[in-house]
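Below is one structure, written out as structure tokens; the observations come after it.
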Amino acid sequence: MGISVEDFFSLFVKELESNEDLRYYYKYLENESRFEYRKAYFCQRLEYVHKNILENNLKIWDCGCGFGTTAIFLSMNGIKVHGTTLEHYIEQIPKRLDYWKNYGDVSNFTYSYENIFDHSFQKESFDLIIIQDTLHHLEPLGEALKILHEVLRKKGQLLIVEENGNNIIQNAKLFLQRGNKRIIEIYDEHLKKNILLGNENIRSLKKWNKEFHKQGFEIEKKSVQYIRYYLPFMFPNKNAKERVEKEQRIWKKNALLKEFFFFGINFMVNKKN
């Protein structure tokens, strides 16, 4: 039967109530007035991922799976996925699986601690690679995309869930946080070496497509979806569904607002050759 996005989110909130270690990242309990605003963003992205997995028997890699939230949801819907993650995220996954196994089958989710540049995957071994909140961290980007191309099978796809790099407000916020230092080097205690990391190095859809094209990929235009236009004070907890529906009408009609004022962007990328 699986689980709906709505039901999964309700159980996810219940998990956050008992697991304080996740709350610094998932802030749904932090501010009641922003609950529906944050929920809408979460659910729209998860729905996008789910609707673009057209077959349950695909071999899927969740590259940069973080705490494993998306992979857990997919597993509970009978979809096998292997996630790779770095840093402290992996420490929380066993505890999370203990929670979620009470509500469904999480055995379809496997995971490992791996840097994309040290991966252990064979060529043409995946049908689909999910890259959620991770693409802007991959550096050197060209080398990372080359690896993704190599491990995808013919007619394979990338499923991208990202921030819109043209968003004026987010760009200003990030500039205040990190200036123009878009690439940093960190020491990974587990790997025992320094690795490069994109420092919230977000890009516009046009710039992403340019980078993808260099490595034999092409964005599927009809798959593109922009989400989150309204700011928190414009998104009250009442009538959240109507707000989301209005946002979806706005970006399809207004190119200026779409390009510079929508926060999130989802799209599929096809392997060309």
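Residue numbers (our numbering): 18 to 290.
Every residue, glycine too, gets a C-beta built ideally from N, C-alpha and C.
These figures come from a predicted structure and were not determined experimentally.
Assuming Y65 and N283 make a contact with CB atoms under 8 Å, what is their CB distance in whole Å?
5 Å
Leaving out five residues on either side along the sequence, give the residues of the same chain with a beta carbon under 7 Å from the beta carbon of I133.
If the five residues before and after I133 are omitted, its C-beta is found closer than 7 Å to the C-beta atoms of C80, L155, A161, I164, all from its own chain and listed in chain order.
DSSP state of H99 mapped onto helix, strand, coil:
strand
Which class does M285 belong to by DSSP, given the choice of helix, strand or coil?
strand
Just checking, does the region 90–106 make contact with the region 169–185 on the three C-beta pairs under 8 Å criterion?
no
Among N188, M251, T151, whose alpha-carbon lies nearest the alpha-carbon of S50?
M251
Taking all protein chains shown into account, do 16 or more other C-beta atoms lie within 10 angstroms of the C-beta of F192, making it buried, or fewer, making it exposed?
By the neighbour-count criterion, in which 16 or more other beta carbons inside 10 Å mark a residue as buried, F192 falls on the exposed side.
Determine, using beta-carbon pairs with one atom in the region 22–34 and one in the region 235–255, whether at least three such pairs fall under 8 Å.
no
Could you check what DSSP says for L169 in three-state terms: helix, strand or coil?
strand
Could you give the DSSP three-state label for Y4: helix, strand or coil?
The structure shown does not extend to residue 4, since the chain spans only 18 to 290, so no value can be given for it.
Burial state of N218 (16 or more Cβ within 10 Å)
buried
For L75, tell me which candidate among K190, G85, L145 has the shortest Cα-Cα distance.
L145
Limits of the unbroken alpha helix (DSSP H) element including K56
52–68 is the extent of the alpha helix (DSSP H) around K56.
Three-pair Cβ contact test at 8 Å for the region 262–273 versus the region 242–250
yes
Cβ-Cβ separation, F138 to V178 (assumed contact under 8 Å), whole Å:
Not quite, the Cβ-Cβ distance comes to about 21 Å (not below 8 Å), so this is no contact.
For W78, which beta-bridge partners are listed by DSSP?
As DSSP reads the structure, W78 sits in a beta bridge with H99, I146.
Nearest-angstrom Cα distance between F280 and I110?
28 Å
Suppose you measure from the CA of Y42 to the CA of K227; what does that come to, to the nearest Å?
31 Å
Using CA coordinates, which residue listed in E131, G121, K223, Y116 is at the minimum distance from K275?
K223
D24 (DSSP reduced to helix, strand or coil)
helix
As an exercise, report each continuous beta strand (DSSP E) stretch of at least 3 residues that is fully enclosed by the region 187–219, in chain order.
Within the region 187–219, the complete beta strand (DSSP E) runs of at least 3 residues are 200–205, 210–215.
Cut-off 6 Å between Cβ atoms - residues of its own chain near H99, not counting five sequence neighbours on either side
W78, T127
So what's V178 in DSSP terms, helix, strand or just coil?
strand
Whose CA, out of K288, T102, K231, lies closest to the CA of H207?
T102
Taking the beta strand (DSSP E) that F234 falls in, what are its first and last residues?
234–236
Does Q232 pass the burial test, meaning 16 or more other C-beta atoms within 10 Å, or should it be called exposed?
buried
Beta-ladder partner(s) of Q242, from DSSP
N283
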